[in-house]
Amino acid sequence: MTSLDQYGWQAYRSSHPQPIEMNGLILGRIVSIKGFKYYAQTENGELETELSGKLLYIAENTELPKVGDWVSLMAYDTMGYIIDVLPRKNALARRNPGAPTQKQILATNIDAALIVQGLDREFNIMRLERYLVQLAACGIASIVVLNKADLVPDPPAYVDAVEKLQRPCVVQVCSTYTGMGLDALRQNLLQPGCTYVMIGSSGVGKSSLLNALMNTATQTINATSEANHKGRHTTTTRDLFLLPQESLLIDTPGMREFGLTGDEDVTSGDLFPVIQRFAAQCRFNDCQHVDELGCAVIEALHNGTLSSEVYDSYVKLKKEQRRFEIDAEEKKRLNKQFGKITREAKNYRKKYKY
Ligand SMILES: Nc1nc2c(ncn2[C@@H]2O[C@H](COP(=O)(O)OP(=O)(O)OP(=O)(O)O)[C@@H](O)[C@H]2O)c(=O)[nH]1
Ligand SMILES: [Zn+2]
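For the sequence shown, our numbering assigns the number -15 to the initial residue and increments by one for each residue that follows.
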């Protein structure tokens, strides 16, 4: 029998202490989703489940269970049906790549994200900054993992570069090849009973890190498809893993790339606290910090108290947000137009009774 505390129930309850009425239903946590099948960890082990009619027909896509969700279940024989998704503590969301004005939820109820970057050609401070902004917008803490430290002569230089972003995140240098930094990650950063999600582009070493943390160097958790020679991994088992030191780690293929969802306000102080600190001194309240007179942000940029990396990423993300807003406005306009056409067609049909 597994205790659900091992699967993060306590950590979830500490953020959602309100009483939960289970009404005889079973509690479970979604550890993997394969097509229409949802696999839930329960007190009695893993249960294969499907959506109940209510969720299947009524729920919006973002309301459907995702990896990390706590759910109430009804069990029949060896199968279960998901009745409800318990309120989420937070959700890792991205813009839906197929429908850019929609939000897609990748994982939920997360205590912190491990942003993995490789210290080879992969290292990209702008991408890292983007992840940090997005995670802050989702209300998720970040741990930056700089992997492949064996490939560079001076890893601390990269730590300095990350610290220049002045974001509240821990930075850990490691190498899954030499084992450097892995104990620090296991012992100091990953807390038992807490849920972490790995984020990072393809090839930064996420699977290698998962293997190392699972102590399964020889056993492949994810099968590599050699056929396409891209080294792509297809997750064959779970997406949520219980590590030997009892932390939970989510690794799903969707985490490789993600853009802002458009819900977040890039100009808000929460997402760019450093810019906000200078902005308080700008002459105009609605200063855009581009070329206005008396802009304290630009002044800080010129006298070197604000790093150009932070400023550039601020400008870039602001532009991206604007583009997203334009897309959303266009979609609204088209919907309205379409609504008008259907209304007119209906009236026409009524009038001429066909
Ligand atoms: N030099 C070095 N190479 C590493 C290290 N960790 C991983 N690699 C190599 O980097 C490549 C990519 O590693 P993966 O673990 O497959 O990376 P991934 O992030 O899971 O990639 P995707 O599954 O495509 O998202 C492999 O060839 C690994 O052997 C490291 O610490 N040092
Ligand atoms: Zn300004």
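Even glycine gets a Cβ: it sits at the ideal position worked out from N, Cα and C.
- Message: Suppose you measure from the CA of E229 to the CA of A280; what does that come to, to the nearest Å?
- Response: In the sequence as displayed, the identity of residue 229 is Gln instead of Glu. The alpha-carbon atoms of Q229 and A280 are separated by roughly 48 angstroms.
- So, is H273 buried or exposed, given that buried needs 16 or more other C-beta atoms within 10 angstroms? Looking at its Cβ environment, which holds 16 or more other Cβ atoms inside 10 Å, H273 is buried.
- Using a threshold of 6 angstroms, is the CB atom of G165 nearer than that to any non-hydrogen atom of ligand 1? No; taking the cut-off as 6 angstroms, the Cβ of G165 has no heavy atom of ligand 1 nearer than that.
- Item | Contacting residues, own chain, Cβ-Cβ under 6 angstroms from L174 (five flanking each side not counted) | Spatial neighbours of L174 in its own chain (CB-CB distance under 6 angstroms, excluding positions within 5 residues in sequence) are listed in chain order as S231.
- Message: Less than 7 angstroms between the beta carbons of L135 and Q156, yes or no?
- Response: For L135 and Q156, no; Cβs fall outside 7 angstroms.
- Terminal residues of the continuous beta strand (DSSP E) containing A77? Element bounds for A77: 75 to 79.
- So I66 packs on T33, CB below 8 angstroms; how close in whole Å? The pair is a contact, with the Cβ atoms about 5 angstroms apart (cut-off 8 angstroms).
- Item | Reduced DSSP category for G68 - H, G, I as helix; E, B as strand; rest coil | What sits at residue 68 in the sequence shown is Asp, not Gly. Three-state DSSP puts D68 in a strand.
- Please say whether I10 and T26 have beta carbons closer to each other than 7 angstroms? Contact flag set, yes.
- Message: Count Cβ pairs between the region 72 to 79 and the region 30 to 45 that sit closer than 8 angstroms; are there 3 or more?
- Response: Touching, no, given that fewer than three Cβ pairs across the two stretches are closer than 8 angstroms.
- Message: In this structure, how does DSSP classify Y136 when only helix, strand and coil are distinguished?
- Response: Note on residue identity: the sequence assigns Val, not Tyr, to residue 136. Residue state, collapsed to three classes: coil.
- Query: With contact counted as at least three CB pairs below 8 angstroms, one residue from each stretch, are the region 105 to 114 and the region 85 to 96 in contact?
  - Reply: At 8 angstroms Cβ cutoff, the stretches do not touch.
- Task: From the DSSP output, read off the bridge partner residues of A54.
- Result: What sits at residue 54 in the sequence shown is Trp, not Ala. In the DSSP output, where bridge partners are listed per residue, W54 has R13.
- Whole-angstrom Cβ separation of L339 and G64, contact assumed at under 8 angstroms? There is simply no residue 339 to check, as the chain begins at -15 and stops at 338 in what is shown.
- Specify the secondary structure class of I89 as computed by DSSP and reduced to three states. Secondary structure at I89: strand, using DSSP grouped into helix, strand and coil.
- Message: For S126 and V100, what's the separation of their Cα atoms in angstroms?
- Response: If you take the alpha carbons of S126 and V100, they lie about 10 angstroms apart.
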